[in-house]
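Colleague:
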Amino acid sequence: MSFPTPDGVVEAVRGVSFGVERGRTLAIVGESGSGKSVSTHAIVGLIRGARVSGRALFEGRDLLAMPADDLRRVRGAGIGMIFQSPQSSLHPYYRVGWQLEEAIRAHERVEKKAARARAIELLRLVGIPRAERRVDDYPHQFSGGMLQRTMIAIAVALNPRLLIADEPTTALDVTVQAQIIDLMRRLQAEFGTAILMITHDLGVVAGMADEIAVMYAGQVMETAPRRPLYRHSHHPYTEGLLRSLPRADAPRARLTPIRGQPPSLIGPPPGCPFQARCDYVMDLCVERPPLAPVQGDPGHRSACWLPPDRWAQ
Amino acid sequence: MSAGANPDVLVRVEGLVKHFPVKTGALFGGSGEVVHAVDGVDLEIRRGETLGLVGETGCGKSTLARCIIRLLEPTSGRVVFDGQDIAGASARELRTFRSRAQLVFQDPYGSLNPRRRVGSIIGDPFEIHGVAKGGDRVERVKALMRVVGLNPEHYNRFPAEFSGGQRQRIGIARAIALQPCLVVCDEPVSALDVSIRAQILNLLGDLQAEFGLTYLFISHDLSVVEHVSDRVAVMYLGKIVEVAPAADLYAHPRHPYTAALLSAVPVADPDVADRHQRTILTGDPPSPLDPPRACRFHPRCPKAQPVCAEREPALEPRLGDGPEHTAACHFPVADGELLPTAPALAGEPWPSRP
Amino acid sequence: MAEPTVAARAIEGRGPWRLVYERLRRDPAAVVSALTIVAIVLIALAAPLIASAVGHTPSTQYRDIGLSPAGIPVGPNGTFWFGTDSLGRDVFIRVVYGTRISLLAGVVSSVLAVLVGVVIGLAAGYFGGVVDTVLSRIMDVVLSLPFLVFAIALVSVAGPSLTISIGVIAFFSWASVGRIVRGQTLSLKETEYVEAARSLGAGDLRIMFVEILPNVLAPVIVYATLLIPGAIVFEATLSFLGLGVIPPTPTWGNMLSDSIAFYRVAWWFVVFPGAALLVTTLAFNLLGDSVRDAVNPHRGVGRESK
């Protein structure tokens, strides 16, 4: 994906592929500028002004090639979305219950009474106390955690097969974050929803994801099932990230940061985007490495020229 | 009162209270409603240490920090800085104080004036306090830039030309320009990318060693706080509920809120994540407009009993801990004790923050 | 965190004003109107030179060659490029000299209005409380005064002159600048960098002029470039009504006023001063629009969040 800007064309996403299976959770991890948000937003057609190429197959149909009406039908019923800031995702002038009902009635022919009953049930499902009274409240009367639960309620209202969660807990306190993650896991267990979660927090992901894709500067650096990623990460970027995290249970020592800064996405240099900051950089790296399997788990792939069995040394 | 003042203590906070009146639309004054942002805090910051201050949104940690730096006027209570009571300070004394206590802000994008050049911004402390002028000031600013890891040739650039991590370095340079005794860091890395955080934390550590700084480090991120702090204070709804050396706090939390907080922190390790028995607190923190009686945590506390709603526990050592580890709880958590999730006291959930 | 800082780093040394300048440069309307204004300014400055080159002065009445035997003004010809007016004076030279008055009145009064408005707006927004209430009420009163009545009253007391005109125009313009500045100051007061300045020990005056003012300048400059054409028209109105500059000094306004009686026989007497007024006002308006767009570009591109 690329965005034309007055300063030049920003190559936001450069050849990204990932997939999530029914009932499982894929986490896309990356920092700002990695392209994780724009690629997922583009899949459901929420980005304007960008040049997009590629395919996004949902249950066999390409979302990027779909006519607008079909896409709208898929959104909400087949794919639900949760965004980072619940305060800005809900309309401040309409009651919470009304917004829930609207979401339902946009896709299904349901009577008002039945829709309201469903709304109350959904609020109860996501753990809002006294749902039958709170259904008539306005968003400003809800706390951040409750708003995010409401967003989740709207997202799962039509029992979608896929839930896309874009930084769902970043704006929340850590105790509320734990509640929301717990809620998402329970819903997944109960309804078999697949979850595509976008985040920068490797800690949250450790307890939630089945598979993880690490993105950097518009490209996928590594994808792996959960354990192999943390235990035997292959790509130097993943390794650097894990090493630079302060951990409460680790002894206090100087942190090992990743030196340098992310590259500009306007006219990016050829080859691996991590070259400038990599401790293992080689001459070969000016040629972009493919996402190739590494030794160990078959689902573990890394875009790096380092040998697949680099830990064997 | 503080006759035998301990020379090791740089800042002593006594009974600090900060209430914000709420205007509810009436023309003259409000309905008398008040936000109890900080509701009686006693705290000590020792020379050369890093005191971590943790708590969630609305606990009052930012307000407390701003009262200590006198950016806000406390409603009541004392702040004694290096033996001097700042509350009664004259304008000149206050000015001197300002050169000795500084603040590093959270938002690297909002804390720098976008229309001013970086060299001018860093040079502000020198200009305001008349410490250096002209060419001398430029030299000193460039030296500061080098110290924090910026290229001195970027002296004339604007903040928009720097990345988040670099802007935070600019803010840090500005804060240490006059070599203050106390630096309050208000969430200094929360707005930065993960891979940049480590750089900035290392920088802060290096500066502390080089200039002998004392830090009050505020954050909601417990992993970061544990890493940088010597001692940690936990705040809940305007009060300090536990204070302990960092390692002790994490190994033996006494207050149930601390235990729940620690339990909720995600660790980047799948084995720990799986093994982990989470104490997931129900509900949301109550509103600081109308805090619960006595122990503030009693409506959500899994160990609460009727006395908790009647008598406020004092902040003192519990369960045989030494004088360094204090907690404000009638029924502190023992080592290895696992907490249930539901609140122990039945009843209406306290009205949460709107 | 939702900022494409990646792009900013790649392009070195671009301050916020430089960016505005570059955007203006790329805007054809801005370039054309800016060049037009430069031309107008040059004409105003070179008025005496033009007069001596052509050989006519603005107040001389060329009754023999400028008026027909019946006393009717002569149309545009080789001697009088824009024709003559009812007294046989050279319309071209008068239009050229009129440029001076218009520009002087327009620019000076706008500058005055901006200076006063900025200071008062800053004070009102920053100090709040009683100061704000008093100053805001004053601004409200000024804005609700009927300008024409007031202008007439003032002129009848003090007598018409350029200085009075400039004063009157400035008086009626500063309050809207003040309002804008006050609004901006109110929101800028709460920014973190102002808080940072306070924590460093900066005094009120320093915060107002070093921290807040540079951020207020952008909308003020936009408003000022749009004030100027309004001021020019205002001056033309005043002199049209005989409240402005004393004749025989030519201004476009009093030329238009004189031309009304003769429009049927001397179209050039109406058209040329009117066209001059139109072109000048249009140029400033277009430039003001372009400046506003350059200062606040509305990007239609989808936002890159993280």
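Taken in order, these protein sequences are the chains called R, G and Y.
Take our numbering: the last position of the first sequence gets the number 811, and nothing is skipped along the way.
Take our numbering: the last position of the second sequence gets the number 1263, and nothing is skipped along the way.
Take our numbering: the last position of the third sequence gets the number 308, and nothing is skipped along the way.
Ideal Cβ positions, reconstructed from N, Cα and C, are used throughout, including at glycine.
Remember, predicted model here, so these are calculated numbers, not experimental data.
Would you please verify whether the beta carbon of arginine 1140(G) is less than 8 angstroms from any beta carbon of chain R?
Modeller: By this cut-off, arginine 1140(G) is not an interface position.
Colleague: Tell me the rounded alpha-carbon separation between phenylalanine 1120(G) and arginine 921(G).
Modeller: Cα-Cα distance, rounded: 21 angstroms.
Colleague: Applying the criterion that 16 or more other CB atoms from any shown protein chain within 10 Å of the CB defines a buried residue, is arginine 1076(G) buried or exposed?
Modeller: Classification for arginine 1076(G): buried.
Colleague: Relative to the C-alpha of alanine 263(Y), which candidate in Leu137(Y), Asp87(Y), Ile39(Y), Ser35(Y) has its C-alpha closest?
Modeller: Taking only the C-alpha atoms, the option nearest alanine 263(Y) is Asp87(Y).
Colleague: Give the straight-line distance between the Cα atoms of leucine 569(R) and glutamate 519(R), rounded to the nearest whole angstrom.
Modeller: Going from the Cα of leucine 569(R) to the Cα of glutamate 519(R) covers about 20 angstroms.
Colleague: On the premise that aspartate 994(G) lies in contact with arginine 987(G), defined as a C-beta separation below 8 angstroms, what is that separation, rounded to the nearest angstrom?
Modeller: The Cβ separation is near 6 angstroms, so the contact holds.
Colleague: Determine the chain R residues that contact glycine 1114(G) at a beta-carbon separation under 8 angstroms, and present them in chain order.
Modeller: The answer, in chain order, is Arg752.
Colleague: How would you call leucine 1224(G), buried or exposed, if buried means at least 16 neighbouring beta carbons within 10 angstroms?
Modeller: Buried, by the Cβ-count rule.
Colleague: Could you tell me the distance, in whole angstroms, from the CA atom of glutamate 306(Y) to the CA atom of glutamine 1011(G)?
Modeller: Residue placement at glutamate 306(Y) is poorly supported in this model, since its pLDDT is 33, which falls under 50; the coordinates still yield a value, given next. About 34 angstroms.
Colleague: So for glutamine 646(R), helix, strand or coil by DSSP?
Modeller: Three-state result, glutamine 646(R): helix.
Colleague: What number of angstroms, rounded off, separates the C-alpha of isoleucine 710(R) from the C-alpha of threonine 1250(G)?
Modeller: If I take the Cα positions, the gap works out to 30 angstroms.
Colleague: Beta-carbon of leucine 1060(G) versus every beta-carbon of chain Y: anything under 8 angstroms?
Modeller: According to the sequence shown, residue 1060(G) is asparagine rather than leucine. False, the Cβ-Cβ gap to chain Y never drops below 8 angstroms.
Colleague: Please state whether the Cβ-Cβ distance between glycine 1147(G) and valine 943(G) is less than 8 angstroms.
Modeller: The answer is no: Cβ separation not under 8 angstroms.
Colleague: Do you know whose CA, among His1129(G), His1038(G), Phe1035(G), Val1027(G), lies nearest glycine 1080(G)'s CA?
Modeller: Measuring from the Cα of glycine 1080(G), the nearest candidate turns out to be Val1027(G).
Colleague: DSSP state of alanine 48(Y), grouped into three classes?
Modeller: Alanine 48(Y): coil per DSSP, three-state reduction.
Colleague: Suppose the cutoff is 8 angstroms on Cβ atoms and the five residues either side in sequence are ignored; what does the same chain contact list for glutamate 1048(G) look like?
Modeller: Counting only Cβ-Cβ distances below 8 angstroms, and skipping sequence neighbours, we find nothing.
Colleague: Alpha carbon to alpha carbon, how far is glutamate 737(R) from tryptophan 596(R)?
Modeller: Answer to the nearest angstrom: the Cα atoms are 47 angstroms apart.
Colleague: Please report the distance separating the alpha-carbon of valine 118(Y) from that of serine 163(Y).
Modeller: Between valine 118(Y) and serine 163(Y), the C-alpha separation is close to 22 angstroms.
Colleague: Name the residue from Arg757(R), Ala715(R), Arg775(R) whose alpha carbon lies nearest to the alpha carbon of leucine 763(R).
Modeller: Nearest option by C-alpha distance: Ala715(R).
Colleague: For glycine 521(R), which of Arg683(R), Ser500(R), Ile696(R) has the nearest alpha-carbon?
Modeller: Out of Arg683(R), Ser500(R), Ile696(R), Arg683(R) has the C-alpha closest to the C-alpha of glycine 521(R).
Colleague: How far does the alpha helix (DSSP H) with alanine 566(R) in it reach, from first residue to last?
Modeller: First-last of the alpha helix (DSSP H) with alanine 566(R): 566-575.
Colleague: Please report the distance separating the alpha-carbon of tyrosine 128(Y) from that of leucine 190(Y).
Modeller: Cα to Cα, the separation comes out at about 9 angstroms.
Colleague: Run through chain G and tell me which residues come within less than 8 angstroms of alanine 204(Y), C-beta to C-beta.
Modeller: Going along chain G in sequence order, the residues near alanine 204(Y) (Cβ under 8 angstroms) are Asp1033, Ile1037.
Colleague: Tell me which residues of the region 182-202 of chain Y have at least one Cβ-Cβ distance to chain G shorter than 9 angstroms, keeping chain order.
Modeller: Result list: Thr193, Glu194, Tyr195, Val196, Glu197, Ala198, Ala199, Arg200, Ser201, Leu202.
Colleague: At a cut of 8 angstroms, does the region 699-708 of chain R reach the region 1214-1234 of chain G through at least three beta carbon pairs?
Modeller: In short, these stretches do not touch, since the Cβ pair count stays below three.
Colleague: Tell me which residues of the region 966-981 of chain G have at least one Cβ-Cβ distance to chain R shorter than 8 angstroms, keeping chain order.
Modeller: Per Cβ criterion, the list reads Thr966.
Colleague: According to DSSP, is arginine 745(R) helix, strand or coil?
Modeller: Looking at arginine 745(R) - three-state DSSP - the assignment turns out to be coil, as it is neither helix nor strand.
Colleague: May I have the straight-line CA-CA distance separating asparagine 217(Y) from leucine 1021(G), to the nearest angstrom?
Modeller: Whole-angstrom Cα-Cα distance: 12 angstroms.
Colleague: Would a check of beta-carbon distances place alanine 1107(G) closer than 8 angstroms to chain R?
Modeller: Yes, contact with chain R.
Colleague: Contact criterion: CB-CB distance below 8 angstroms. Does alanine 296(Y) meet it with respect to chain G?
Modeller: Chain G, which has no Cβ nearer than 8 angstroms to the Cβ of alanine 296(Y), makes this no.
Colleague: Please list the terminal residues of the continuous alpha helix (DSSP H) segment that includes tyrosine 225(Y).
Modeller: It spans 215-242 - the alpha helix (DSSP H) in which tyrosine 225(Y) sits, taken as one unbroken run.
Colleague: Quick check on serine 257(Y): does DSSP put it in helix, strand or coil?
Modeller: Note on residue identity: the sequence assigns methionine, not serine, to residue 257(Y). Three-state DSSP puts methionine 257(Y) in a helix.
Colleague: For chain G, check one thing: does any of its Cβ atoms lie closer than 8 angstroms to the Cβ of proline 221(Y)?
Modeller: By this cut-off, proline 221(Y) is not an interface position.
Colleague: Going residue by residue through the region 611-671 of chain R, where are the continuous beta strand (DSSP E) segments of at least 3 residues, counting only ones entirely within it?
Modeller: Whole beta strand (DSSP E) segments, 3+ residues: 660-664.
Colleague: Per DSSP, leucine 69(Y) is paired with what?
Modeller: DSSP output for leucine 69(Y) lists Pro75(Y) as bridge partner(s).
Colleague: Return the CA-CA distance between proline 590(R) and alanine 629(R), expressed in angstroms with no decimal places.
Modeller: Roughly 19 angstroms separates the two Cα atoms.
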